[in-house]
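Novice: Those protein sequences? They're chains S and A, same order as listed. Take the position in the first sequence, starting the count at 1, then add 31; the result is the number in the working numbering. Take the position in the second sequence, starting the count at 1, then add 31; the result is the number in the working numbering. Here it is, the structure, as structure tokens.
2 protein chains.
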Amino acid sequence: MKESKRKKLEAAGWRVGSADELLGLSAVESLLVDLRLALSQALRRRREKLHISQRTLAERIKSSQSRIAKMEAADPEVSFELLLRGLFATGATRREVASVFSEPTTTAKRKPRQAAS
Amino acid sequence: MKESKRKKLEAAGWRVGSADELLGLSAVESLLVDLRLALSQALRRRREKLHISQRTLAERIKSSQSRIAKMEAADPEVSFELLLRGLFATGATRREVASVFSEPTTTAKRKPRQAAS
DNA sequence: TTGCGCGATGTCGGATTTGACATATAGTTA
DNA sequence: TAACTATATGTCAAATCCGACATCGCGCAA
């Protein structure tokens with residue numbers, strides 16, 4: 032069914048069911064934040080397991096130590112591409128990266144705010 | 032073991048085995064290209080399944096129709112973040128996105144054109 | 001103590017990516 | 001035929017992200 036036709040049906044009072052389970056923008060944002068965190072943690076785990084310094088990994092992907100530090104700190108300024116690049120450079124396979132995506136987000140705890148004084 | 036110590040051992044002729052299976056930069060690049068393609072294909076599949084236009088999806092993530100088109104064309108100048116944003120906006124879960132990562136790159140076949148008349 | 005390696009954090013000029021817009025083509029409907 | 005919708009493609013100024021660099025604290029070894 033074309034969208035134009037669907038719109039006509041809906042305008043006529045029909046509900047075209049299928050799956051219009053589209054997430055709100057904030058829900059998407061939240062997923063991205065969680066994902067960035069999960070990837071950054073995975074990167075640190077993998078790097079430490081290889082016993083290499085941030086500087087060494089940085090050289091591998093032609094980046095800099097400070098940027099690797101920001102990646103591992105889940106700094107919102109670092110792109111997902113850079114995080115993926117880092118993971119692959121530690122020898123991660125697509126499958127291993129996939130598991131980071133599907134895992135139930137390691138921490139669960141969200142920004143523990145301090146109580147009001 | 033600290034990296035400095037490892038270096039000393041290696042300088043002394045030792046091989047510190049563990050897993051130094053670090054990929055070359057071009058191998059990483061190749062993985063990223065494949066991944067971008069897989070994500071763009073998944074996005075198109077999901078959008079079409081929902082019977083929504085590129086314009087509609089664009090509004091959902093506050094982007095533009097032309098950018099969605101570029102995303103689905105796996106244009107190298109669209110970011111992974113935008114691709115992920117698009118997928119999540121179609122209702123994809125982390126698990127579903129993970130499956131895109133782990134799948135053996137949805138085949139090699141490129142744009143099945145119709146035969147010449 | 002001094003010196004060194006590692007990592008965290010901030011800054012900055014330049015590179016990249018963005019949404020918006022224009023425009024072209026193709027398919028559909030009137 | 002014209003009008004409308006969906007998609008592809010190119011451009012551009014503004015926003016974002018980059019590598020590089022400086023600097024700081026920490027832990028360890030000389």
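Where is the CB? At the ideal position from N, CA and C, for every residue including glycine.
Does S57/S come within less than 7 Å of chain A when only Cβ atoms are used?
Specialist: Position 26 of the first sequence, counted from the start, is the residue given in the question as residue 57/S. S57/S does not count as touching chain A.
Novice: Excluding five sequence neighbours on each side, which residues of the same chain lie with their C-beta closer than 7 Å to the C-beta of S35/A?
Specialist: Here residue 35/A refers to the residue found at position 4 when the second sequence is read from its first residue. Note on S35/A: pLDDT 42, under 50, position unreliable in the model; the coordinate value appears next. Answer for S35/A: no residue qualifies.
Novice: Say whether chain A places a C-beta atom closer than 7 Å to the C-beta of A105/S.
Specialist: Your numbering for residue 105/S matches position 74 in the first sequence. Not flagged as an interface residue toward chain A: A105/S, since no C-beta distance is shorter than 7 Å.
Novice: Would you tell me roughly how many angstroms separate the C-alpha atoms of T121/A and L56/S, rounded to the nearest one?
Specialist: For this step, residue 121/A is matched to residue 90 along the second sequence. For this step, residue 56/S is matched to residue 25 along the first sequence. Spanning the two alpha carbons is a distance of roughly 11 Å.
Novice: Check the Cβ of V64/S against every Cβ in chain A and list those closer than 9 Å, keeping chain order.
Specialist: Counted from its first residue, the first sequence places residue 64/S at position 33. Result: empty, since nearest Cβ-Cβ is about 11 Å, beyond 9 Å.
Novice: Is the Cβ-Cβ distance between E103/A and R75/A less than 7 Å?
Specialist: Start at 1 with the first residue of the second sequence, and residue 103/A comes out as number 72. Start at 1 with the first residue of the second sequence, and residue 75/A comes out as number 44. Closer than 7 Å, so yes.
Novice: Output yes if chain A places a C-beta closer than 7 Å to the C-beta of A120/S; else output no.
Specialist: By one-based count along the first sequence, residue 120/S stands at place 89. A120/S counts as touching chain A.
Novice: So, at 7 Å on beta carbons, what are the nonlocal neighbours of R86/S in its own chain, with the 5 sequence-adjacent residues on each side left out?
Specialist: For the purposes of this step, residue 86/S is taken as the residue at position 55 of the first sequence. Correct list, in chain order: Q96.
Novice: Measuring alpha carbon to alpha carbon, tell me which of G117/A, L81/A and F111/A ends up nearest E90/A.
Specialist: Within the second sequence, residue 90/A is the residue found at index 59, counting from 1. Among G117/A, L81/A and F111/A, the Cα nearest to that of E90/A belongs to G117/A.
Novice: Helix, strand or coil for S133/S, going by three-state DSSP, please let me know.
Specialist: In the first sequence, the residue the question calls residue 133/S occupies position 102. Three-state DSSP puts S133/S in a helix.
Novice: May I have the straight-line CA-CA distance separating S94/S from L113/S, to the nearest angstrom?
Specialist: Residue numbering aside, residue 94/S sits at position 63 when the first sequence is read from its first letter. Residue numbering aside, residue 113/S sits at position 82 when the first sequence is read from its first letter. Put simply, the backbone Cα of S94/S is about 9 Å away from that of L113/S.
Novice: Please name the residues in the region 77-101 of chain A whose beta-carbon is closer than 8 Å to at least one beta-carbon of chain S, in chain order.
Specialist: K80, L81, H82, I83, S84, T87, R91, I92 and K93
Novice: Measure how close the beta-carbons of L115/S and L63/A come, nearest whole angstrom, since I'm counting them as under 8 Å.
Specialist: Position 84 of the first sequence, counted from the start, is the residue given in the question as residue 115/S. Position 32 of the second sequence, counted from the start, is the residue given in the question as residue 63/A. Right, the Cβ-Cβ distance comes to about 6 Å (below 8 Å), so this counts as a contact.
Novice: Excluding five sequence neighbours on each side, which residues of the same chain lie with their C-beta closer than 6 Å to the C-beta of A73/A?
Specialist: Within the second sequence, numbered from 1, the residue matching residue 73/A stands at position 42. Only V131 meet the Cβ criterion.
Novice: Assuming S133/A and R125/S are in contact, meaning their beta carbons sit under 8 Å apart, how far apart are those beta carbons, in whole angstroms?
Specialist: Taking the second sequence and counting its residues from 1, the one referred to as residue 133/A is at position 102. Taking the first sequence and counting its residues from 1, the one referred to as residue 125/S is at position 94. So it is a contact: roughly 6 Å between Cβ atoms.
Novice: Specify, as a first and last residue, the run of the alpha helix (DSSP H) that G117/A falls within.
Specialist: Taking the second sequence and counting its residues from 1, the one referred to as residue 117/A is at position 86. Taken as a continuous stretch (DSSP letters only), the alpha helix (DSSP H) holding G117/A covers F111 to A120.
Novice: Quick one: what does DSSP say S61/A is sitting in, helix, strand or coil?
Specialist: If you number the second sequence from 1, residue 61/A lands on position 30. Reduced to three states, the DSSP call for S61/A is helix.
Novice: Could you please give the first and the last residue of the uninterrupted alpha helix (DSSP H) stretch that includes A100/A?
Specialist: If you number the second sequence from 1, residue 100/A lands on position 69. Run containing A100/A: Q96 to E103, per the alpha helix (DSSP H) assignment.
Novice: When you measure from the CB of Q85/A to every non-hydrogen atom of the ligand ATP, does any distance come out below 6 Å?
Specialist: Inclusion of the ligand ATP in the displayed structure is not the case, the ligand content being empty and no account of it being possible.
Novice: 7 Å is my cut-off, CB to CB: does R75/S come that close to chain A?
Specialist: The sequence position of residue 75/S within the first sequence is 44, counting from 1. Cβ-Cβ to chain A under 7 Å: no for R75/S.
Novice: Give the DSSP-derived three-state secondary structure of L66/S in the structure shown.
Specialist: Within the first sequence, residue 66/S is the residue found at index 35, counting from 1. Three-state DSSP puts L66/S in a helix.
Novice: Quick check on the burial criterion: 16 or more other C-beta atoms within 10 angstroms. Buried or exposed for S71/S?
Specialist: As a working mapping, residue 71/S is identified with position 40 in the first sequence. Buried, because 16 or more other Cβ atoms sit within 10 Å of the Cβ of S71/S.
Novice: Taking 7 Å as the CB-CB limit, is S71/S close to chain A?
Specialist: Against the first sequence, residue 71/S aligns to sequence position 40. Judged by the 7 Å Cβ criterion, S71/S is not in contact with chain A.
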